[in-house]
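Student: Dropping a structure here in structure tokens format, bear with me for questions.
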Amino acid sequence: MDHAATEQEALSQIAAAQDLETLESLRVAFLGKQGSISGLLKTLGGMSPEERQSEGPKIHALREGVTNALADRKAALEHAALDARLAAETIDLSLPAPEAPRGSVHPIAQTMDELAEIFADMGFAVATGPEIEDDWHNFTALNMPESHPARAMHDTFYFPDRNAEGREMLLRTHTSPVQIRAMLQQGAPLRIIAPGRVYRSDSDATHTPMFHQIEGLVIDKGIHLGHLKWTLETFLKAFFERDDVVLRLRPSYFPFTEPSVEVDVGYSLVNGKRVIGGSEGWMEVLGSGMVNRKVIAAGGLDPDVYQGFAFGTGVDRLAMLKYGMDDLRAFFDGDVRWLSHYGFAPLDVPTLSGGVGTAA
Ligand code: DAH
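To get the working numbering, take the position in the sequence shown, counting from 1, and add 95.
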């Protein structure tokens, strides 16, 4: 029998196989139970010893040759399949990312996050209160009784109906009522900030009917004006990310603080623009003071035991100063071009170590 011709034929068929299935059917055809080479092996049993001695090694060699050829071809086909897959899955890193996220963090949200981060580092917790307030929390408890002239200055939005306790209802005109709520709910000592929306019936280039404030309140024993000054200085340096921030405290008046202090921050003129730092000019940024005894009492605490300081400021204005916007109304227009220019990357969360506001 011409085993060499059989082997040649088998090897050329194996070499021609283009995929693993074809190769498998060849394996079955040659080496399977009914396979041609298996059939040859079976003939050995019916041979004379001499015949077997000469045929045996040839048939075994044939089987070995075909077995090896099948294994080699299988490895080669598998290799080629992997190469093809790797080539198809290649990523071109020079291409722009597909469908980059469209949204951005609004500068006010970003600024609020920065403020929370800075004050959290000084041990302040975030407190909240309702935007629909009653006039006791918004005014009376803050030492603005009904006849108080400061009430008229707040351009308050009132609701037509009183609440169950007979109190007039309104949209809070400042975040200061959260001072009262925090004292009543949490007692003393207390160290909170309260960022949030406030409302006044006022609208022009520098006023919108809804805007944002942040309130701060510290109540403890032995609190004095020095604590207030250090806190505001530390805060403003961290917020504006400059060490040369200079503060000027001016005596002022707020019903809820005594004494009251207005805080100016120094600026320098760089190419005609105001930049925070230095002291070429002064800009008012904060209202503050030592919490009035009547306010501490309204918060359910004994003013002979506890003292405190408080401050409040506009978040929108802080954002404008830091990020160089000049029209307050743009904050609320929802103009996508403005938002994509001034917005912040969603995953750039402000941290003190990474820089609170470096994502602009
Ligand atoms: N509530 C004041 C306002 O809306 C701001 C303010 C001033 C808050 C002095 C304070 C403060 O806590 O001590 O104009």
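Where is the CB? At the ideal position from N, CA and C, for every residue including glycine.
1. So, is Val400 buried or exposed, given that buried needs 16 or more other C-beta atoms within 10 angstroms?
2. In this structure, does DSSP put Asp230 in helix, strand or coil?
3. Could you check if Thr446 belongs to the surroundings of the ligand DAH, using beta carbon to heavy atom distance under 7 Å?
4. Looking at the secondary structure, which residues open and close the alpha helix (DSSP H) in which Gln280 lies?
5. Could you check what DSSP says for Lys368 in three-state terms: helix, strand or coil?
6. Output the distance between the C-alpha atoms of His307 and Arg267, rounded to the nearest integer angstrom.
7. The ligand DAH heavy atoms versus the CB of Ala405: any closer than 7 Å?
8. Between Thr408, Ala259, Thr223, which lies nearest to Gln274 when the distance is taken from Cα to Cα?
9. Just the C-alpha distance for Met415 and Glu379, rounded to the nearest angstrom, thanks.
10. Can you tell me whether DSSP reads Ala454 as helix, strand or coil?
11. Would Thr446 be called buried (16 or more neighbouring beta carbons within 10 Å of its own) or exposed?
12. Is the Cβ-Cβ distance between Ala110 and Arg168 less than 8 Å?
13. Shorter than 7 Å, the distance from the beta carbon of His269 to the closest heavy atom of the ligand DAH, or not?
14. Taking the straight line between their C-alpha atoms, what separation do you get for Ala455 and Phe426?
15. What separation, rounded to the nearest whole angstrom, lies between the Cα atoms of Asp229 and Leu344?
16. Alpha carbon to alpha carbon, how far is Glu375 from Arg432? Give it in angstroms, no decimals.
17. Please report the distance separating the alpha-carbon of Ser242 from that of Thr235.
18. Tell me which residues share the same chain as Thr408 and place their Cβ nearer than 8 Å to its Cβ, disregarding the 5 neighbours each side in the sequence.
19. What do you get for Thr185, buried or exposed, if any count of 16 or more other CB atoms within 10 angstroms of its CB means buried?
20. Please determine if the stretch 328 to 343 and the stretch 295 to 306 are in contact, where contact requires at least 3 C-beta pairs separated by less than 8 Å.
21. Run through DSSP, which three-state label would Ser133 get?
22. Among residues of its own chain, excluding the 5 on either side of His232, which ones have a beta-carbon nearer than 7 Å to its beta-carbon?
23. Name the two residues that bound the continuous beta strand (DSSP E) containing Ser435.
24. Going by DSSP in three states, Leu181 sits in which element: helix, strand or coil?
25. Beta-carbon within less than 7 Å of Ser133's beta-carbon, same chain only, minus the 5 sequence neighbours each way: which residues are those?
26. Using a threshold of 7 Å, is the CB atom of Gln308 nearer than that to any non-hydrogen atom of the ligand DAH?
27. Compare the beta carbon distance of Asp315 and Ala289 with 8 Å and say whether it is the shorter of the two.
28. Should Arg369 go down as buried or exposed, given a rule of 16 or more other Cβ atoms within 10 Å for buried?
29. Quick check: Pro350 and Met239, are their CB atoms within less than 8 Å of each other?
30. Any chance the stretch 191 to 206 sits against the stretch 255 to 263, with 3 or more Cβ pairs inside 8 Å?
31. For Gly367, count neighbouring C-beta atoms within 10 Å of its own C-beta (all shown protein chains included) and say buried if the count is 16 or more, exposed if not.
32. Between the Cα of Asp359 and those of Leu327, Leu177, Ile318, Asn387, spot the shortest distance and give me the residue it belongs to.
33. In the structure shown, what three-state DSSP assignment does Arg286 receive?
Tutor: Reading off the structure:
1. exposed
2. helix
3. no
4. 272 to 281
5. strand
6. 11 Å
7. yes
8. Thr223
9. 13 Å
10. Bear in mind that the predicted position of Ala454 carries a pLDDT of just 45, short of 50, making it too unreliable to give a figure here.
11. exposed
12. yes
13. yes
14. Legend: pLDDT at Ala455 = 43, less than 50; position of this residue unreliable, no value from coordinates given.
15. 32 Å
16. 34 Å
17. 10 Å
18. Gln308, Ile309, Val380, Leu381, Gly382
19. exposed
20. no
21. helix
22. Pro272, Ile275, Arg276
23. Counting along the chain, Ser435 falls outside any beta strand (DSSP E), though it belongs to the alpha helix (DSSP H) covering 431 to 437.
24. helix
25. Leu126, Gly127
26. yes
27. no
28. exposed
29. yes
30. no
31. exposed
32. Leu327
33. strand
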